[in-house]
Every structure is written in structure tokens, then in C-alpha cells.
Amino acid sequence: METAVYSARWLAVRRAIGEVGDRFADLLLAVPPHAMATADWTVADTAAHVVAISESYAAMLDPAGPAPPVSALHDMMGDVTVDTVADLNEVALRDLAERDPRALADRLRADIAAMLRATAGTDPGRPIDWLGGSRVPAAGVLAHLVNEMQIHGRDIARATGTRWEVSAADAALFFELFLLGVTRYGYGRLLDWDRLERRGRIAVEFRSRHTEPAVMVLTDGRVTVEKPGPNVDVKLHFDPVALNLVLFGRLSRTRAALTGRIMVWGRRPWLLPAFLRKVRLPS
84 METAVYSARW LAVRRAIGEV GDRFADLLLA VPPHAMATAD WTVADTAAHV VAISESYAAM
144 LDPAGPAPPV SALHDMMGDV TVDTVADLNE VALRDLAERD PRALADRLRA DIAAMLRATA
204 GTDPGRPIDW LGGSRVPAAG VLAHLVNEMQ IHGRDIARAT GTRWEVSAAD AALFFELFLL
264 GVTRYGYGRL LDWDRLERRG RIAVEFRSRH TEPAVMVLTD GRVTVEKPGP NVDVKLHFDP
324 VALNLVLFGR LSRTRAALTG RIMVWGRRPW LLPAFLRKVR LPS
């Protein structure tokens, strides 16, 4: 089933990465580069962060191509976890000195073009080695960069009073191709931590208008993906844009629930916080 999903979404994610990449590049040329996009990063820093990712992904998807200039990333990639991604990002920003918006926009466009060329004839489900010993389908690598540009485009737009829109269909690609993909293919050390693991099983069913129904299951600290069935503890209906913002700390769970963008019910909905403490993303 998952292979069919990657194939069915392949054209959509290839279109999205080109369109969102162009919009993000155009945004960089329309706002002050020294404005603060987040509490810690300027617009230029945020752009450099995205370009560090795009350069790494271009190399991942085309091993025969040139090595990315941000080499320090590759020394840390194997041991990174969700909780140490911030350290990886700081190394990338330190090593990638470019902060000129036009140069960064041009590099982003070039990286995306290289990714699309390298994957023109590839299997969208082809496993790609990713962070922390994880593996991600090729389609999921593209979807991850789409989400990075969507999240950070929003950061820049909100800080500078610029318009930025994210379509629900494009946002859904992150959940379906990347999040489920890395869980199915093996997330390596990404979710490692030094806490005691919760014993037992928590099954959460995810549904939206833009994705196929899927169940993520946390069992004694390990996460897997299953098909929907009767043995589900929590049912979650989501707007993909809101879910991504919640997962990356841009929108509170309370506000998402109060506005109806995420709805939770089921036989044991109180287990969702325990599930999300383990199944987490950098914020």
C-alpha cells in the first residue's frame, strides 16, 4: 500500500517542491534580510538554513554528483536525534557563510533543479539514508524540503508582514510521504532519549481530507505504522497545515483544537499526550 501512495503522490510532490521553492526564493528578495524571522534567526539566517538542507538533499538524491559544501553536516548526521537537531543546524549555519538573499535564492533554485533531474527516472519509494541512521523514501525527502520551506516561509512572512499561503494538499505531503515513510523504513536513532520508555501500546488513527487513513502505534517505546482497524485508542482528524504547525511548535494544540483544525476522540483520547511526547519533531 505504501508503495502505491509514494507513486500516487510523486507528481504532486515534484510539482510542489518546484512551486514552493520559487515562492520561497521570491520571498527572500522581497523582505529585509536582517529582520528577525524567529527569536534567534534573521531572514538571511533562515534562508541559509533552508539552503543547507537543500544542498544536502541534492547530494543525497544524486550520490554521483558533487559533494555539498557544508561538509560538517555529514560528520554529525549519523548520531543526530530529534533533540540534537538544533546543534546540527547551528553547525550548518556556521559553515555556510553566505547571507546574501539573491545568492541564497539562486542556490535554492539550483538545488531543487538538481533534485528534480536526479530523481526524474527514480522509484519514488527508493530508500535514502537520512539523519540518525534513518531511511526515507525518495518522495519523502522532497516532501521534507517542501515542509521546511512552508514552515520557514511562514516564519519570514509573519515577521515581515508579508503574505504567505500554504495549501492543505501540499502540507499533507509531509505527513504521508515523510513522517509515515521514515517510520515505515526505519527511523534509526531519531527518537532516542534518556528517559524510561512507557510500557504498553497506544494506537492513534490519523485522518484528513488529503491523506489516506493511517494508524501510528507506539509499543514499549517503538513506533510502527499499521492499517486502520478496530484496536485504536485515539482518533485524530486534522487539517494538514495545522498539524505541521503543531508538530513544529508554531501552533499550540489547544488553539488547533479550539479552532476545529485538529479534532480528537476515541476510546482513550487521554493517551495522545503520551504518544506525542515520544513521537516528536524539532520545534
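Each residue of the sequence shown is one higher than the one before, counting from 84 in my numbering.
The beta-carbon is built from N, C-alpha and C at its ideal position, and this holds for glycine as well.
Buried or exposed for residue i, going by 16 or more other Cβ atoms inside 10 Å?
i: glycine 223; result: buried
i: leucine 279; result: exposed
i: tryptophan 348; result: exposed
i: glutamate 248; result: exposed
i: arginine 190; result: buried
i: arginine 351; result: exposed
i: aspartate 123; result: exposed
i: alanine 277; result: Rather than alanine, the amino acid found at residue 277 in this sequence is aspartate. When all chains shown are included, aspartate 277 counts as exposed.
i: arginine 92; result: buried
i: leucine 94; result: exposed
Tell me the rounded alpha-carbon separation between residue i and residue j.
i: glycine 271; j: threonine 302; result: 16 Å
i: arginine 360; j: glycine 304; result: 11 Å
i: glycine 80; j: leucine 144; result: No statement about residue 80 is possible, as the shown extent of the chain runs from 84 to 366 and does not include it.
i: proline 115; j: valine 126; result: 7 Å
i: arginine 336; j: valine 329; result: 6 Å
i: arginine 363; j: aspartate 170; result: 17 Å
i: phenylalanine 321; j: proline 210; result: 27 Å
i: methionine 84; j: arginine 333; result: Residue placement at methionine 84 is poorly supported in this model, since its pLDDT is 47, which falls under 50; the coordinates still yield a value, given next. Approximately 32 Å between the Cα atoms of the pair.
i: serine 250; j: leucine 199; result: 21 Å
i: alanine 113; j: aspartate 128; result: 15 Å
i: arginine 282; j: proline 149; result: 46 Å
i: glutamate 173; j: serine 217; result: 21 Å
i: arginine 185; j: isoleucine 100; result: 19 Å
i: serine 139; j: aspartate 162; result: 16 Å
i: alanine 87; j: alanine 203; result: 18 Å
i: glycine 343; j: aspartate 105; result: 31 Å
i: proline 356; j: alanine 147; result: 43 Å
i: serine 366; j: alanine 325; result: 14 Å
i: arginine 338; j: valine 317; result: 19 Å
i: glycine 269; j: asparagine 327; result: 21 Å
i: leucine 273; j: threonine 266; result: 10 Å
i: phenylalanine 331; j: alanine 135; result: 19 Å
i: threonine 164; j: tryptophan 213; result: 11 Å
Spatial neighbours of residue i within its chain, please: C-beta separation below 7 Å, excluding the five flanking residues on both sides.
i: valine 96; result: Ala222, Leu225, Ala226, Val229, Leu256, Leu260
i: threonine 167; result: none
i: alanine 131; result: Leu176, Leu179, Glu181, Arg182, Leu187
i: serine 137; result: Leu191, Asp194, Ile195, Leu228
i: threonine 205; result: Ala221
i: arginine 98; result: none
i: alanine 118; result: Thr125, Val126, Ala242, Thr243
i: tryptophan 369; result: Here the chain covers residues 84 to 366 and nothing more, so residue 369 does not appear.
Sorted by chain position, which residues of the same chain lie with C-beta nearer than 8 Å to residue i's C-beta, five sequence neighbours on each side aside?
i: valine 103; result: Val229, Met232, Gln233, Gly236, Asp253
i: leucine 110; result: Gly236, Ile239, Ala240, Thr245, Trp247
i: methionine 346; result: Leu319, His320, Phe321, Ala340
i: valine 298; result: Ala286, Val287, Glu288, Phe289, Val308, Glu309, Lys310, Pro311, Gly312, Val315
Nearest chain D C-beta to residue i closer than 8 Å, yes or no?
i: alanine 122; result: Included in the structure is just one protein chain, with no chain D present.
Residue i lies in the beta strand (DSSP E); which residues open and close that run?
i: glutamate 288; result: 284–291
i: methionine 346; result: 345–348
i: glutamate 309; result: 305–309
i: arginine 218; result: 218–220
i: aspartate 212; result: 210–212
So is the beta-carbon of residue i under 7 Å away from any non-hydrogen atom of the ligand ZN?
i: alanine 357; result: Inclusion of the ligand ZN in the displayed structure is not the case, the ligand content being empty and no account of it being possible.
What residue does the alpha helix (DSSP H) around residue i start on, and which one ends it?
i: methionine 198; result: 184–201
i: isoleucine 356; result: The residue asked about is misnamed: residue 356 is proline in this sequence, not isoleucine. Start and end: 355–361.
i: glutamate 295; result: That residue, glutamate 295, is in no alpha helix (DSSP H); its beta strand (DSSP E) goes 294–302.
i: valine 114; result: Counting along the chain, valine 114 falls outside any alpha helix (DSSP H), and DSSP gives it neither H nor E.
i: leucine 326; result: 323–330
i: alanine 147; result: Run containing alanine 147: none; DSSP gives neither H nor E here.
Looking only at its chain, what residues have a beta carbon closer than 6 Å to the beta carbon of residue i, apart from the 5 residues adjacent to it on each side?
i: valine 367; result: Examination of residue 367 is not possible in this model, given that the chain is present from 84 through 366 alone.
i: phenylalanine 358; result: Ile285, Val287, Leu301
i: alanine 197; result: Ala141
i: histidine 293; result: Ala251, Ala252, Ala255, Pro323
i: proline 220; result: Tyr89, Gly208, Gly264
i: proline 159; result: For the sequence presented, residue 159 should be read as methionine rather than proline. For methionine 159, where only same-chain residues beyond five positions count, the Cβ hits under 6 Å are Leu171.
i: threonine 107; result: For the record, residue 107 in the displayed sequence is phenylalanine; it is not threonine. The answer, listed in chain order, is Met232, Gly236.
i: alanine 120; result: Val126, Thr129, Asp238, Ile239, Ala242
i: proline 296; result: Arg290, Pro311
Open item on the list: Three Cβ pairs or more, each shorter than 8 Å: is that satisfied between the segment 287–299 and the segment 307–314?
Closed with: Contact between the segment 287–299 and the segment 307–314 is present, with at least three C-beta pairs closer than 8 Å.
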